[in-house]
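Working notes, beginning with the structure itself.
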Amino acid sequence: MVYFTFMSRDDPQMKIRLPLTLKDKIEAAAKNSGRSMNAEIVARLGASFRGVDTTDFTPDQVVSIMKALNDRMVGIEVSNQELLERLSGLEGQENNRD
Numbered sequence: 004m005v006y007f008t009f010m011s012r013d014d015p016q017m018k019i020r021l022p023l024t025l026k027d028k029i030e031a032a033a034k035n036s037g038r039s040m041n042a043e044i045v046a047r048l049g050a051s052f053r054g055v056d057t058t059d060f061t062p063d064q065v066v067s068i069m070k071a072l073n074d075r076m077v078g079i080e081v082s083n084q085e086l087l088e089r090l091s092g093l094e095g096q097e098n099n100r101d
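Numbering (the numbering used here), first residue to last: 4 to 101.
This is the structure we're talking about:
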């Protein structure tokens, strides 16, 4: 599950030290996910506290996931409409019996 956090300039800031190799990995991951390095660090750290898989999704993967979800939602809407129509038909049959 993907979570989005909006930050402001008023949020607390802190300096940290980290190995150059880790900084390079964060930089590459941020570029790959289309986020700033700060946003990448916040997303990964937040996910670690939520127990969420921190697998990076590229922007193309996010678009693909969103399209798949949209297709499923359209299918659900169609199914709901069909059920409502069937229910309406059953209610009409019930009224005709009276």
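Just so it is clear, CB atoms sit at the ideal spot from N, CA and C, and this is done for glycine as well. Because the structure is a prediction, the values reported are computed rather than measured.
Checklist line | DSSP-derived helix/strand/coil call for T1 | finding: Lying before the first or after the last residue shown, residue 1 is absent from the chain, which here runs from 4 to 101.
Check: What distance in whole Å lies between the Cβ atoms of P62 and I37, which are believed to be in contact at a cut-off of 8 Å?
Finding: Mapped onto the sequence shown, residue 37 falls at position 34. Mapped onto the sequence shown, residue 62 falls at position 59. In the sequence on display, residue 37 carries Gly and not Ile. The pair is a contact, with the Cβ atoms about 5 Å apart (cut-off 8 Å).
Checklist line | Identity of the residue in M17, I44, Q64 nearest A31 by Cα | finding: In the sequence shown, the residue the question calls residue 31 occupies position 28. The option with the nearest alpha carbon to A31 is I44.
Report the rounded CA-to-CA distance for D27 versus N73, giving the unit in angstroms. Position 24 of the sequence shown, counting from 1, holds the residue named residue 27. Position 70 of the sequence shown, counting from 1, holds the residue named residue 73. Their backbone Cα atoms lie some 35 Å apart in a straight line.
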